[in-house]
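Here our numbering is used: the first residue of the sequence shown is -17, the next is one more, and so on.
Structure first, commentary second.
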Amino acid sequence: MPREITSFSNETVKLIRSLRDKKTRREEGLFLAEGLRILAEARDTGQLPEIIAYSDKSPVHPLAAEIIAATEAAGGDVIVTSPDILAKMSGKDNPQAMLGAYRQPDTSIAAIDRSTSPLWLVAQALRDPGNLGTILRTGDATGAGGLILIDDCADPYSVEAVRASMGAIFTQSVATARWDEFVAWLRSGAGQLVGTSLNTDHDYLEPTYQQPCFLLIGNESQGLPAAYEAECDLLVTMPMLGRADSLNAAVAAAVMAFAVRACWRNAALPGKETT
């Protein structure tokens, strides 16, 4: 049976509230996800929260009831509480009616299996958690294997990034690595590293992309360092027809991911060679 929490000073309330802090997430190995849609996405991938909390003032949706029952059956901590206490856990004045604390997976580069997908997204020094979450969502939409974060990036398990991912945090593999560590891993197997850059005239629609393809997106304001561009097997640019000289990092990742997929799809059409 769910346990009822009526006190703001309850230790579980404090724990869930503290998961908004990166240091606590690292120490506890947990992260926070909010809303029935994201929790349902997690359940559909076989992942259940270690702690789940919901409001005693909102009708329990049938799907929410299934997730609650599954969490309880798996030995998770199921909490029912007031909207005010749920708001304190969430840190929002108008929180979702349900939230869950999930175990963070292994994010080492060694845990990535490149053979599981022909497409991987790589982001360097990405600062905006909203961009990060959106790129995860793009990865899910384009069938990418996951997102590899290079150097000092925003935390993919922050509440903001998880929310922006719309559940893709549970469908995409996530790894973090320093640049030299990533390059050593990449060159130990098959893979074409494709960077987006203003320092090339190679139109992004022209190449025949190889598989697996690793799309490298640079920092929102600085782009890729010169040494990183030099390591790429291919640099491409998206021509700008207006006054802007570049796209938002998440938008660029989406344009590139769909362009690569279109390249492979077109090559597979009758009468054309496949990659």
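Even glycine gets a Cβ: it sits at the ideal position worked out from N, Cα and C.
Since the structure is predicted, the reported quantities are computational estimates derived from the model, not experimental observations.
> Quick one: what's got a C-beta closer than 7 Å to Glu163's C-beta in the same chain, skipping five residues either side?
Replying inline: Ile91
> Based on Cα-Cα distance, which residue from Glu9, Ser147, Ile20 and Leu131 lies nearest to Ala79?
Replying inline: Ile20
> So, is the C-beta of Ala69 closer than 8 Å to a C-beta in chain D?
Replying inline: Of the protein chains in the structure, only one exists, and it is not chain D.
>> Would Ala136 and Ala143 be called neighbours here (beta carbons separated by less than 8 Å)?
In response: yes
> Would Leu108 pass as a contact of Asn201 if the rule is Cβ separation under 8 Å?
Replying inline: yes
> What's the gap between the Cα of Gly84 and the Cα of Asp66?
Replying inline: In the sequence under discussion, the amino acid at residue 84 is Tyr, which differs from the Gly named in the question. Taking the straight line joining both Cα atoms gives about 22 Å.
> With which residues is Ser37 paired in a DSSP beta bridge?
Replying inline: Thr63
>> Run through the DSSP bridge pairs and tell me what Val104 is partnered with.
In response: Ile130 and Leu198
> Between Ser147 and Leu114, what straight-line distance do the alpha-carbon atoms span, to the nearest angstrom?
Replying inline: 8 Å
>> So, does the region 147 to 160 touch the region 173 to 185, judging by three or more C-beta pairs under 8 Å?
In response: no
>> For the beta strand (DSSP E) containing Leu114, name the first residue and the last one.
In response: Per DSSP, Leu114 belongs to no beta strand (DSSP E); it is in the alpha helix (DSSP H), Pro111 to Ala123.
> Just how far apart, CA to CA, sit Ser64 and Glu(-14)?
Replying inline: 9 Å
> If you count every other CB in all the chains shown that lies within 10 Å of the CB of Asp134, and 16 or more means buried, which is it?
Replying inline: exposed
>> According to DSSP, is Tyr84 part of a helix, a strand, or is it coil?
In response: strand
>> Between Leu129, Ala47 and Val60, which has its C-alpha nearest Thr98's C-alpha?
In response: Leu129
> From Gly112 to Tyr139, what does the alpha carbon distance come to, in whole angstroms?
Replying inline: 11 Å
> If you draw a straight line from the alpha carbon of Leu1 to that of Gln204, how long is it in whole angstroms?
Replying inline: 30 Å
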